[in-house]
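Worksheet for the structure shown next.
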Amino acid sequence: MPRVCFTLQVDPERLTEYRTRHQQVWPEMLAALAESGWRDYSLFLRDDGLLVGYLVTDDFAAAQAAMRASDVNARWQAEMASYFVDLDQGAPDRAMKPLDEVFNLEAQLAADPAARSAVQTGEKP
């Protein structure tokens with residue numbers, strides 16, 4: 094199942110407000126994300142405003158398209174846009190910058206039977 098990681102930049106002067114807004118995301122927004130195929134979705138925020146998002150989904154483009162077709166997402170994006178800087182496409186969900194995955198522990202363990210066996214038995218490979 095594909096994992097997606099992306100970045101955005103939150104205005105450093107609005108970090109407290111941004112954190113507060115995400116303590117209780119609207120229930121209908123949570124439902125829309127889940128119904129659109131966003132699983133294991135998390136946001137991480139650094140003190141300088143760097144926001145890193147992570148999710149698992151079968152098809153990221155389809156999950157994004159489903160959210161863009163959602164009325165609740167349009168309202169949420171409109172309210173969240175002012176928290177971000179450098180939104181070249183006007184809305185946070187359109188400005189996400191996906192990162193290339195360069196390492197995944199589980200994938201490498203699955204591909205290397207000796208390493209997997211060592212982990213299972215507690216031995217050094």
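Going by our numbering, the first residue of the sequence shown is number 94, and it counts up by one from there. A virtual CB, placed ideally from N, CA and C, is assigned to each residue, including glycine.
Sub-9 Å separation of Y147 and R96 beta-carbons: Along the sequence shown, one-based indexing puts residue 147 at 54. Along the sequence shown, one-based indexing puts residue 96 at 3. Taking a C-beta distance under 9 Å as the contact criterion, Y147 and R96 qualify as a contact pair.
Any idea if M160 is buried or exposed, counting beta-carbon neighbours within 10 angstroms, 16 or more meaning buried? Here residue 160 is taken as the residue at index 67 of the sequence shown, counted from 1. Burial call: buried.
DSSP three-state label for D186, please. As a position in the sequence shown, residue 186 is number 93, starting the count at 1. In this structure, D186 counts as helix in the three-state DSSP scheme.
Rounded to the nearest angstrom, what separates L101 and A188 at their Cα positions? Position 8 of the sequence shown, counted from the first residue, corresponds to residue 101. Position 95 of the sequence shown, counted from the first residue, corresponds to residue 188. C-alpha separation (whole angstroms): 7 Å.
Can you give, in chain order, each stretch of the beta strand (DSSP E) that sits fully within the region 95–149 and has at least 3 residues? Qualifying beta strand (DSSP E) stretches, in chain order: 96–102, 132–138 and 143–149.
Note the first and the last residue of the continuous alpha helix (DSSP H) segment covering N166. In the sequence shown, the residue the question calls residue 166 occupies position 73. Start and end: D164 to M173.
Counting along the chain, where does the alpha helix (DSSP H) carrying A198 start and finish? To locate residue 198, count along the sequence shown from 1; it is residue 105. Here residue 198 is Leu; the residue named in the question, Ala, does not match the sequence. Looking at the DSSP string, the run of the alpha helix (DSSP H) that includes L198 is L198 to A204.
Applying the criterion that 16 or more other CB atoms from any shown protein chain within 10 Å of the CB defines a buried residue, is V178 buried or exposed? Residue 178 sits at position 85 when you count from the first residue of the sequence shown. By the Cβ-count criterion, V178 is exposed, with fewer than 16 other Cβ atoms from all chains shown falling within 10 Å of its own Cβ.
For the alpha helix (DSSP H) that F153 lies in, which residues bound it at each end? Counting from one through the sequence shown, the residue named residue 153 turns up at place 60. In this chain, the alpha helix (DSSP H) harbouring F153 covers F153 to R161.
Check whether the Cβ atoms of L136 and V145 sit closer than 9 Å, and answer yes or no. On the sequence shown, residue 136 is found 43 positions in, with the first residue counted as 1. On the sequence shown, residue 145 is found 52 positions in, with the first residue counted as 1. Closer than 9 Å, so yes.
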